[in-house]
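What follows is a short report on a single structure.
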Amino acid sequence: MAEAIRHDRVSPLLAVRDLRVDYGTRRALHGVGFDLARGETLALVGESGSGKSTLARALAGLLPASGGSARFDGVELVGLRPRGWRPLRRRLQLVFQDPSSSLDPRLRVGTIVAEPLAIHRSVPRPRRGAKVAELLAQVGLAQGLAARWPHQLSGGERQRVALARALATEPELLILDEPVSSLDVSVQAQILNLLASLREARGLGYLLIAHHLGVVRQLADRVAVLFAGRLVEEAPGDLLFATPLHPYTRALLAAAPRPVAGQLPRALGAAAGEAPAAAEGCAYRLRCPIAAERCAREVPALRELGAGRRAACHYPGEGP
Amino acid sequence: MSAGSAPAASSLLEVQDLSVRFPGEAGELRAVDGLSFRLARGEVLGLVGESGCGKSAAALALVDLVAPPGRRAGGRILWEGVDVAAEGARGFRALRGRRIAMVFQDPMTSLNPYLRVGEQLAEAARLRGAGRRAARARAEELLERVGIGDAARQLRAWPHELSGGQRQRAMLAMALLGEPELLVADEPTTALDVTTQARILALLRELQRERGLAVLFITHDLAVAAGLCDRVAVMYAGRIVEEASAAALFTRPLHPYTEALLACSPPMDGPRGARLRSIEGLPPRLLAAARACTFAPRCPRARPACHEGEPLLEERGGRSRRCIAPEAELAEAAPRG
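Quick mapping for you: the protein sequence lines, in order, are chains A and B.
Heads up: the first sequence runs through residues 1 to 320, numbered per this note's numbering.
Heads up: the second sequence runs through residues 1 to 337, numbered per this note's numbering.
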């Protein structure tokens with residue numbers, strides 16, 4: 001038993017291998033793999049249509065995977081039946097972008113936060129009120145808010161309620177799908193700070209989906225870059241932002257606006273929508289500024305490049 | 001073009017004391033309250049602020065498109081020195097779509113879904129008096145110009161067949177058909193991927209340089225405004241609280257709100273802090289004239305006098321701000337980006 005626990009600490013909380021998702025005949029995820037350790041934050045970045053939300057939904061059991069494997073603390077999620085999901089639901093929670101559509105408008109805040117406690121019978125009824133109060137306090141909300149309706153709250157307050165609800169079951173992993181993108185920058189900063197302190201206090205792991213690279217940099221230990229349903233680069237956050245290796249990562253970073261007067265963001269290669277993902281060879285090659293003849297012939301494998309980095313490119317680190 | 005010192009004579013557009021109000025249960029909300037600014041020919045002015053600050057309402061009021069029951073509640077809108085607001089709807093009709101063009105965040109709501117892209121563009125061109133064939137040629141030329149490849153094919157496409165970036169480019173092409181002198185662009189790149197956003201911003205910059213197009217660029221994204229705009233006006237609770245050249249504003253903000261907004265944004269480069277600065281509380285929704293600084297309740301630099309009267313928007317050294325805290329107190333912003 002002691003050995004099993006020790007093993008648990010080193011094995012990843014989430015181990016994804018060759019995960020595939022299809023929408024009808026269209027493949028949305030072409031075999032993606034990564035590990036997420038306990039207490040770690042892995043960010044998924046990429047443009048719309050890159051498959052990052054599809055991946056999040058597949059991992060949360062909201063979409064069926066068509067192949068591959070995703071193990072949560074050793075339990076295989078792919079093909080898992082609803083009965084098998086039940087004990088996992090409380091350990092793995094999903095928080096959406098727009099809290100106004102994910103909170104039931106007919107329920108008061110206190111009821112919304114207490115609901116998972118009732119569903120999972122994790123806290124006996126007499127103690128639920130105290131637990132709700134504790135959860136609200138942890139996300140920085142006043143106790144009086146429990147009696148309010150969702151529409152009476154600001155966007156930031158609603159996102160805090162969504163977090164309190166997600167935390168009610170004492171999860172180990174939160175899948176955060178664009179948790180701050182509908183918020184103003186001043187409120188966004190509050191929520192990012194809250195996410196950072198909750199992680200520290202509870203040893204939470206985050207799978208963070210965000211298109212804003214500043215947000216990613218602020219929160220992520222590691223970053224995985226998706227293009228057209230493929231993982232094209234993965235690296236520790238600091239390395240990825242300092243020296244991106246895949247031309248697509250470089251393009252994303254160059255295009256991100258900086259608050260410097262006169263410095264326009266740059267589009268390297270073709271922008272989103274200007275060229276499709278290639279069906280043969282490297283999927284990125286039709287947009288890539290350094291695509292060569294080899295890129296049309298040979299699909300680049302996701303290779304280990306040292307220092308915990310991987311990239312799927314024949315010419316990593318080259319080009320603009 | 002460079003700093004905020006355009007002489008009145010060269011102003012293309014001058015807005016004086018503009019107000020927009022929306023009736024609500026508790027009273028009339030002052031969405032825009034006494035807004036004044038100037039825009040020179042060929043200048044790009046950014047109007048930035050968080051949601052509810054009045055930036056979009058101001059843009060709509062400029063072209064007389066505030067939806068009832070909202071209304072423009074006063075102010076002068078001078079186009080080349082002539083007050084179009086005083087002339088009523090007729091004054092605006094003569095400008096809108098011709099000398100002033102508009103693009104909005106979601107092009108799907110501005111394109112007619114039942115007409116092919118080419119028909120809509122050609123219609124816009126024919127409104128300017130072009131013949132059928134000339135209109136089509138002009139539409140094709142502009143689509144190429146805004147970076148839609150294979151323009152002849154795209155002209156036959158339906159709006160839903162285009163990607164978000166292509167639709168926004170089509171809207172921009174349509175806006176440019178009339179060879180406007182001013183483009184009012186409300187969050188035109190917010191819904192787009194960053195690579196597409198970069199293209200559209202570069203295109204706007206090119207049009208401004210080549211054709212002397214003036215742009216009023218409305219955005220919540222300070223970094224986007226920094227890259228594109230010559231001058232930036234920061235709005236809070238319906239008013240401008242600071243206005244300066246982009247170079248001055250982003251190196252040395254002189255209003256605590258601008259300062260705080262910059263510190264809130266997680267940086268892309270440079271050192272990364274464990275915690276971001278945030279602004280506690282929420283902006284006020286003004287139902288009556290402000291009697292004190294509207295930012296004071298959230299301001300870390302507020303002093304008793306800030307709660308006693310509203311500071312004026314005062315100009316000094318080619319920039320202006322609505323704040324009484326000594327300039328020296330506002331720290332030199334750390335170079336970022």
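Cβ coordinates follow ideal geometry from the N, Cα and C atoms, glycine included.
No experiment lies behind these values; they were computed from the predicted model shown.
- It is roughly 7 angstroms from the alpha-carbon of Glu280 of chain A to the alpha-carbon of Arg297 of chain A.
- Taking C-beta separations shorter than 7 angstroms and ignoring five residues to either side along the sequence, the partners of Leu261 of chain B in its chain run Leu222, following chain order.
- Excluding sequence positions up to five before and after Pro236 of chain A, its CB lies within less than 6 angstroms of the CB of Arg222 and Gly308, all in the same chain and listed in chain order.
- With the criterion set as a beta carbon lying under 8 angstroms from some beta carbon of chain A, the members of the region 50-63 of chain B are Glu50 and Ser51, in sequence order.
- Classified as exposed, Ile119 of chain A has fewer than 16 neighbouring CB atoms from the shown chains inside 10 Å of its CB.
- The count of Cβ pairs closer than 8 angstroms, one atom from the region 82-97 of chain B and one from the region 130-142 of chain B, stays below three, leaving the stretches out of contact.
- Burial check for Ala242 of chain A: the Cβ neighbour count within 10 Å stays below 16, so the residue is exposed.
- Under the Cβ distance rule, Glu47 of chain A counts among the residues neighbouring chain B, one pair being separated by less than 7 angstroms.
- As a beta-bridge residue in DSSP terms, Pro23 of chain B pairs with B:Glu28.
- The alpha carbon of Pro23 of chain B has as its nearest neighbour, out of B:Asp33, B:Leu12 and B:Gly70, the alpha carbon of B:Gly70.
- DSSP places Gly164 of chain B in the uninterrupted alpha helix (DSSP H) bounded by Gly164 to Leu177.
- In the structure shown, the three-state DSSP call for Gly131 of chain B is coil.
- Ala254, Ala255, Ala256, Pro257, Arg258, Pro259, Val260, Ala261, Gly262, Gln263, Leu264, Pro265, Arg266, Ala267 and Leu268: these are the residues of the region 254-268 of chain A whose beta carbon lies less than 9 angstroms from some beta carbon of chain B, given in chain order.
- In the assembly as shown, His314 of chain A is a buried residue. Its beta-carbon has 16 or more other beta-carbons within 10 Å.
- Under DSSP, Ala85 of chain B forms no beta bridge with any residue.
- No Cβ of chain A is located within less than 7 angstroms of the beta carbon of Pro188 of chain B.
- Counting along the chain, no alpha helix (DSSP H) covers Thr41 of chain A; the unbroken beta strand (DSSP E) around it starts and ends at Thr41 to Val45.
- For Ser320 of chain B, the enclosing beta strand (DSSP E) has its first and last residue at Arg319 to Arg321.
- Under the DSSP assignment, Ile112 of chain A falls in the alpha helix (DSSP H) whose first and last residues are Val109 to Ile119.
- Using beta-carbon distances, Leu198 of chain A does not count as an interface residue toward chain B, since no partner is under 7 angstroms.
- Out of B:Ala73, B:Glu50, B:Leu213 and B:Ser11, the CA that lies nearest to the CA of Val32 of chain B is found in B:Ala73.
- Secondary structure at Phe295 of chain B: coil, using DSSP grouped into helix, strand and coil.
- Assignment of beta-bridge partners to Gln93 of chain A by DSSP yields A:Leu174.
- Chain A places a beta carbon closer than 7 angstroms to that of Ile279 of chain B, counting this residue as a contact.
- Put simply, the CB of Asp106 of chain B is far from chain A, with every gap to its CB atoms at 7 angstroms or more.
- Within the region 110-142 of chain A, no residue has its Cβ closer than 8 angstroms to any Cβ of chain B.
- Just so you know, the alpha carbons of Ala275 of chain A and Leu42 of chain A end up roughly 29 angstroms apart.
- With its beta carbon less than 7 angstroms from one in chain A, Pro266 of chain B belongs to the interface.
- For the pair of segments examined, the region 187-197 of chain A was found not to touch the region 72-90 of chain A: the number of CB pairs separated by less than 8 angstroms stays below three.
- Around the beta-carbon of Tyr23 of chain A, fewer than 16 other beta-carbon atoms lie within 10 Å, marking it exposed.
- Contacts with chain A (Cβ-Cβ distance below 8 angstroms) from the region 206-227 of chain B involve His220, Asp221, Leu222, Ala223, Val224, Ala226 and Gly227, listed in chain order.
- An exposed status is given to Trp158 of chain B, since fewer than 16 other beta-carbon atoms sit within 10 Å of its beta-carbon.
- Counting the other Cβ atoms within 10 Å of the Cβ of Tyr248 of chain A gives 16 or more, which makes it buried.
- If you draw a straight line from the Cα of Glu80 of chain B to the Cα of Arg38 of chain B, it is about 11 angstroms long.
- For the region 144-164 of chain A, the set of positions with a beta-carbon nearer than 7 angstroms to some beta-carbon of chain B reads Ser154 in chain order.
- Contiguous alpha helix (DSSP H) elements confined to the region 188-266 of chain A occur at 213-219, 237-242 and 247-255, taking only those with 4 or more residues.
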